[in-house]
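Going by full-length UniProt numbering, the first residue of the sequence shown is number 1, and it counts up by one from there.
Presented below is the structure to which this report refers.
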Amino acid sequence: MNGREELVLRCAQRRREKIGTLSDEGFAELCLAVRENPSAFVDSPEQASFATLVGALDAFHRAGADDDLLDDEEFRAARERRLQTLSAACDQALSQDGGCLDARLVQVLAADLDPDDRLDALLEIEAKADAANELTLGSTGDAWDDVFTRPRLRLWDAIARTCLAGGRYHMALDVSRGLMAASPKDQVGGRLTAALALARLEDEEGFNELDARLAGRENSWLNLGRTILLYKLGRMNAARRALRGYGELCEGAAYALLRPTFVEIYLPDRPEVPAGGFEEATFAVHEAEPIIADVPDFIAWADGFPWFHAAGEAYAEEHGYDW
1 MNGREELVLR CAQRRREKIG TLSDEGFAEL CLAVRENPSA FVDSPEQASF ATLVGALDAF
61 HRAGADDDLL DDEEFRAARE RRLQTLSAAC DQALSQDGGC LDARLVQVLA ADLDPDDRLD
121 ALLEIEAKAD AANELTLGST GDAWDDVFTR PRLRLWDAIA RTCLAGGRYH MALDVSRGLM
181 AASPKDQVGG RLTAALALAR LEDEEGFNEL DARLAGRENS WLNLGRTILL YKLGRMNAAR
241 RALRGYGELC EGAAYALLRP TFVEIYLPDR PEVPAGGFEE ATFAVHEAEP IIADVPDFIA
301 WADGFPWFHA AGEAYAEEHG YDW
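Right, dumping it as structure tokens:
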């Protein structure tokens, strides 16, 4: 979530509503003014609450900048303190506006619950949000284009990913498909969760349909999902070719799969990372971990190809990572 930019759009949109008729050019000028000094345009509890949350999320990420310098025990303690501070900031945001959906979402995620408890909490938030207002697609047909509907899309994405983490693959797929229907642009990445769920369900037809829909938008989730799917179906030659494609798509993909690393909770949604980079591969493997754990010998099979093993080892050596 680009919180600062969303705050700008929220404040500009509310100011536009107060002004009345305003041309597109005038709105663009208004956005520039808000961007220069957003706090000057925060004039309601709703905007104040969102501003509090944005500041808290920025502080959370800044506080973790030196995590690599800490040993494991120090890291766990520092992380716990950061999550507690973030949760307290969510309380503050909700005291300003109890309807701040993003603050409720972040607070649940910051609690670092197991998938079952997290899903219960997220579904409770969704039920209350549904009771409060109905999602509308607006004039563009894409819910993302209305900045005030984005929190609902982030909530659905969190629900889908939590379902995947907890082994509820059919539900993860259903929620992801609903997310893509509401927002064809799919800025929050429902297609990524769908790819992994389809792979786990061995739904080759559904996977191929998603692949066709994403023509020209290859990513680690899709390529890793295809590899897992073909492996599970016993099509080993095709699975080997898919593994090679996955390994060549992203920098460090082999290392990401063979030596998975810790990934912080997405707060509140999947961070935007450069396409084809190591972070993308790391995120895809992280989200696929529950599926990989249910696929016997998949990692050993991948590691058994000398070219794949060598690619992972070479990446580790080049970047100073343990192997």
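Cβ atoms here follow ideal geometry from the backbone N, Cα and C, with glycine treated the same way.
Keep in mind it's a predicted model, so treat the numbers as computed, not measured.
Residue i burial status per 10 Å Cβ neighbour count (16 or more: buried)
| i | result |
| --- | --- |
| Gln107 | buried |
| Gly20 | exposed |
| Gln47 | buried |
| Asp186 | buried |
| Pro38 | buried |
| Asn219 | buried |
| Pro271 | exposed |
| Trp221 | buried |
| Pro268 | buried |
| Ser95 | exposed |
| Arg213 | exposed |
| Leu233 | exposed |
| Trp323 | exposed |
| Thr140 | exposed |
| Ala77 | exposed |
| Trp156 | buried |
| Arg79 | buried |
| Leu69 | exposed |
Check whether residue i and residue j have beta carbons under 9 Å apart
| i | j | result |
| --- | --- | --- |
| Ala284 | Leu201 | no |
| Arg154 | Val188 | yes |
| Ala132 | Gly178 | no |
| Arg152 | Ala143 | yes |
| Phe50 | Asp91 | no |
| Glu251 | Gly277 | yes |
| Arg15 | Phe41 | yes |
| Leu231 | Val295 | As written in the sequence, residue 231 is Tyr, which differs from the Leu given in the question. Yes. Within cutoff. |
| residue 330 | Leu22 | Absent from the model: residue 330. The displayed extent of the chain is 1 to 323, so no value can be given. |
| residue 327 | Phe308 | The requested residue 327 is not part of the displayed model; the chain covers only 1 to 323. |
| Ala129 | Leu109 | no |
Residue i versus the options, residue with shortest Cα-Cα distance
| i | options | result |
| --- | --- | --- |
| Ala65 | Gly55, Glu73, Ala51 and Arg82 | Arg82 |
| Leu86 | Leu57, Arg104, Ala215 and Glu74 | Leu57 |
| Arg104 | Asp145, Arg79 and Leu53 | Leu53 |
| Val175 | Lys128, Gly141, Glu205 and Leu122 | Leu122 |
| Met1 | Cys31, His309, Gly55 and Ala12 | Gly55 |
| Leu119 | Arg79, Gly167 and Asp145 | Gly167 |
| Val34 | Gly26, Ser44, Glu25 and Ala12 | Ala12 |
| Asp203 | Ala314, Asp297, His170 and Asp303 | His170 |
| Leu32 | Asp43, Leu7 and Phe148 | Leu7 |
| Ala111 | Ile265, Ala281, Glu17 and Phe305 | Ile265 |
| residue 335 | Leu70, Ala89 and Glu36 | A question about residue 335 goes unanswered here, because the residues of the chain that appear run from 1 up to 323. |
| His319 | Ala256, Asp67 and Pro274 | Ala256 |
| Ser183 | Asp211, Thr149, Thr162 and Cys163 | Thr149 |
| Leu113 | Leu135, Val147, Ile125 and Thr162 | Thr162 |
| Pro45 | Glu25, Ala93 and Gln84 | Ala93 |
| Asp43 | Thr282, Ala63, Lys18 and Leu135 | Lys18 |
| Arg305 | Asn237, Asp146, Tyr321 and Glu289 | Looking at the sequence itself, residue 305 is Phe, so the reference to Arg does not match. Minimum Cα distance to Phe305 is reached at Asn237. |
Whole-Å CB distance - residue i paired with residue j, under 8 Å assumed
| i | j | result |
| --- | --- | --- |
| Leu243 | Thr261 | Actually they are not in contact, since the Cβ atoms of Leu243 and Thr261 sit about 20 Å apart, beyond 8 Å. |
| Leu224 | Phe207 | That belief does not hold up - the Cβ atoms of Leu224 and Phe207 are roughly 12 Å apart, past 8 Å. |
| Ala239 | Ala311 | No, Ala239 and Ala311 are not in contact; Cβ-Cβ is about 17 Å, not under 8 Å. |
| Leu173 | Ala194 | 6 Å |
| Leu196 | Glu279 | Contact doesn't hold; Cβ gap of about 17 Å is too wide. |
| Ile291 | Ala199 | 7 Å |
| Gly190 | Ala215 | Rounded, the Cβ-Cβ distance is 17 Å, inconsistent with contact. |
| Arg259 | Ala316 | 7 Å |
Residue i (DSSP reduced to helix, strand or coil)
| i | result |
| --- | --- |
| Arg217 | coil |
| Ser183 | coil |
| Ser23 | coil |
| Ile292 | helix |
| Pro115 | helix |
| Trp323 | coil |
| Ser44 | coil |
| Arg81 | helix |
| Met1 | coil |
| Val147 | helix |
| Glu264 | coil |
| Asn133 | coil |
| Asp203 | coil |
| Arg168 | coil |
| Asn37 | coil |
| Arg161 | helix |
| Cys250 | coil |
| Gly64 | coil |
| Arg270 | coil |
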